[in-house]
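Residue numbers (our numbering), protein chains in the order written: chain Z, 94 to 521; chain Y, 94 to 521. We put the beta carbon where it would ideally sit given N, CA and C, even for glycine. First the structure, in the form of structure tokens, and then the observations on it.
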């Protein structure tokens, strides 16, 4: 039998509510796992060990006051926390102590969750990596920028974790670490208490072990009553979308996607090939333009008053962004908007697109956090996305497919994702 | 002769650069004005008197290093400053000390500006007023939420000030205080270092004594080389737009707008009547829905962990927002987007719309900061706006017209605004 630290949040919350599990036992199991693995994995920037245990004991004294009563959660170190430092992965802010919680942190706490600590992020949720290693192979990157959050959930240190995505910062680490990664529709979930990297792109995301958990956490953030994911009346219609970046997909990913499609068809899904119109070919470049122009105008304080605390690569991005003129930037945003307007038609009557989550397996850690190319477009378009691990073949590292849907259709995407995850699980 | 504290920033910067004025003299003149008036006006939350003087003396020792070298500026107390407290107008955060500058603050400092202090804001840039009074009549509101910023510029305490707008928080105080208020196109100017009130609406704005100053400050924020506003080759074509809120305009405002139109026609402008399509009638309500739903999901920490520090009115907004469901919210955003798509056609070939900035003069201070109704729509649509004071008739308080243009056409709007301001000035 698995330890309770391997439960998903839905099961853990249910058992705690029923008195079959104590929050203290769950938090202690997570801490024991962290004690065993953290030296190698390096998922944590800050661990609130004693506070979390005390809060768990306190939770065990009371009736459940919310949907996450007694459930531990990991928080990427870009989300402000009033009781823990928040460094944004930058040595400039090693000692930074906010006086409020980011909105999502406050919301899960109000629902009874216990913040275990802060997880490692790349510098300002950009590219310069932190100390985290892939729990499945310590010579590989966990992906970024939400490196510690993905690793913590994958390594059974916490059942849930928050992340943010500006290019691929949720999808890619979820895929590399073999957990579920959900990025919400742009603008729907509050980023209050998170310093912007690129305001036109930054989006809240989360890591979980089940699609049900992502739906639960989303409901908590929106202040909605959590309800079980609705079962689909009929198998979904999916659009197999290789995207203009298909030539960059490695053979292992191509095979994994094709295998997933075969399995989903076998389970009853209708899967059409979807070719995106020409306009979409320009979106990746446009995303990079926006993600260079905007940070340069957001990190002015650091560039002008704390430049020595910045990595060379972050400085280079900001310097490049300064050289992009407004006309070029607006043109990039126009191209993104133009493709966005065409997406509903391009998807025809598909419930979701199915597309690679990454180019392939997690690359060696020396090379950074991996290529964000398979997610840039979807982040720019503001669509909800769901990274779903595919069954692992012998000796292989985790990989994932990515489901993509139209903006503001997150509830339907999660229901479809639950069906897809179930169908893929049955093939293992 | 006016004191140098009455110069606009463009003139002050030019004189400092030429050695005709010292930054120390300018800062000292602003401080002297503050000493004389602050007790009555209450524009400042925090004044950095000695630091500003020291920085001015330092600036006078060096060649100009930027377009605002030695020029003082006032900063609404919602923008983080690494060297001054930032309270957001809330007693919860009386002692809050950020460790960075908001991006716009860092940008003006890098351009040589001297931050005089932080100006009074309503609570979280929402409705609950601070201590500021209208400098033209202390029994009247200065407008809000950027109350102190507008009052400081109007009362010659500083030539420039930053504000933010979610409903009418720049346009209304600019109009009530008789200064120029420029709200940028949504999303173009960084709000990094500002806690969101409603992320789909919050926009950077500024207060100045000339349109040229607004253009100068905007260029500094974008990292562009400041250049003089281009003179129009021919007088502009404007669209007189009474908006669906026209019945709420007071007689004084109706007369002021009609008089301005007459004067602008006399000066050569072509002015067409523009009737907005039906879709626009729904935007004000939709803006209120968004501005209630989003704060409720941004201020979760304060609502759940610091409720006693909130005003009753802010708590009421958040409670109301919690009761708005997502479908209603998304419908509001759809209505706004739908009207936004129609605006370019509705404007026909006009350079800008001319419309009321407020319902009328500043109301008595007991009633709050005034009705935001004349600006809600434009904030929701994300258009750039420019509040331009109209000539005052004997015994009247300041009023303003509002110019509105299509999104991302800010440079053209500022050039048109300069022409309009010049034409109105000549009628005094």
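- Classified as buried, residue 211/Y has 16 or more neighbouring CB atoms from the shown chains inside 10 Å of its CB.
- Of the candidates 339/Y, 395/Y, 450/Y, 246/Y, 395/Y places its Cα closest to the Cα of residue 217/Y.
- In summary, residue 281/Z is buried, with 16 or more beta-carbon neighbours lying within 10 Å of its beta-carbon over all protein chains present.
- Residue 350/Z places its beta carbon 8 Å or farther from that of residue 516/Z.
- A direct Cα-to-Cα measurement between residue 320/Y and residue 231/Y gives close to 38 Å.
- Sequence-distant partners of residue 245/Z (beyond 5 residues in either direction) whose C-beta falls short of 6 Å from its own C-beta, in its chain, are 136, 167, 212, 251, 254.
- Excluding its 5 nearest sequence neighbours in each direction, residue 471/Z has C-beta neighbours in its own chain below 6 Å: 478, 497, listed in chain order.
- The three-state reading of DSSP puts residue 279/Y in coil, since its state is none of H, G, I, E or B.
- The beta-carbon of residue 317/Z is placed less than 8 Å from the nearest beta-carbon of chain Y.
- For residue 343/Y against residue 416/Y, the beta-carbon gap comes to about 33 Å, at or over 8 Å, which does not count as contact.
- For residue 375/Y, no Cβ of chain Z is located within less than 8 Å of the residue's own Cβ.
- At least one CB atom of chain Y sits nearer than 8 Å to the CB of residue 391/Z.
- Collapsing the DSSP output to three states places residue 398/Y in a helix.
- Interface criterion not met: the Cβ of residue 300/Y is under 8 Å from no Cβ in chain Z.
- Proximity of residue 200/Z to chain Y, defined by a Cβ-Cβ separation below 8 Å, is satisfied.
- Looking at the backbone, the Cα of residue 198/Y and that of residue 174/Y are separated by about 7 Å.
- Residue range 240-247 is occupied by the alpha helix (DSSP H) that includes residue 247/Y.
- With fewer than 16 other Cβ atoms from the protein chains shown falling within 10 Å of its own Cβ, residue 412/Y counts as exposed.
- For residue 293/Z, the nearest beta carbon of chain Y is closer than 8 Å to its own beta carbon.
- Under the 10 Å beta carbon count, residue 421/Z is surrounded by fewer than 16 other beta carbons and is classified as exposed.
- Interface with chain Z (8 Å Cβ-Cβ cutoff): residue 457/Y is excluded.
- Relative to residue 110/Z, the option among 128/Z, 160/Z, 99/Z whose CA is nearest is 160/Z.
- Residue 175/Z reaches chain Y at 394, 398, counting residues in chain order whose Cβ is nearer than 8 Å.
- By alpha-carbon distance to residue 206/Y, the top candidate from 235/Y, 105/Y, 484/Y, 258/Y is 105/Y.
- Below 8 Å, enough C-beta pairs join the stretch 285-305 of chain Z and the stretch 383-398 of chain Z to call them touching: three or more.
- The Cβ atoms of residue 341/Z and residue 447/Z lie no closer than 8 Å to each other.
- A Cβ of chain Z is located within less than 8 Å of the beta carbon of residue 283/Y.
- Where residue 168/Y is concerned, there is no enclosing alpha helix (DSSP H), although the beta strand (DSSP E) around it starts and stops at 165-169.
- With 16 or more other CB atoms across the displayed protein chains lying within 10 angstroms of its CB, residue 503/Z is buried.
- Cβ-Cβ distances below 6 Å link residue 247/Z to 228, 270, 271, 272 in the same chain, with the five nearest sequence neighbours on each side left out; the list follows chain order.
- Rounded to the nearest whole angstrom, the CA to CA distance from residue 404/Y to residue 445/Y is 38 Å.
- DSSP, reduced to helix, strand and coil, places residue 407/Z within a helical segment of the structure shown.
- Of the residues assessed, residue 316/Y falls on the buried side of the cut-off, its CB having 16 or more other CB atoms within 10 angstroms.
- The DSSP-derived three-state label of residue 349/Y is helix.
- If you draw a straight line from the Cα of residue 311/Y to the Cα of residue 513/Y, it comes to about 19 Å.
- In the DSSP assignment, residue 442/Y falls outside any alpha helix (DSSP H), carrying neither H nor E.
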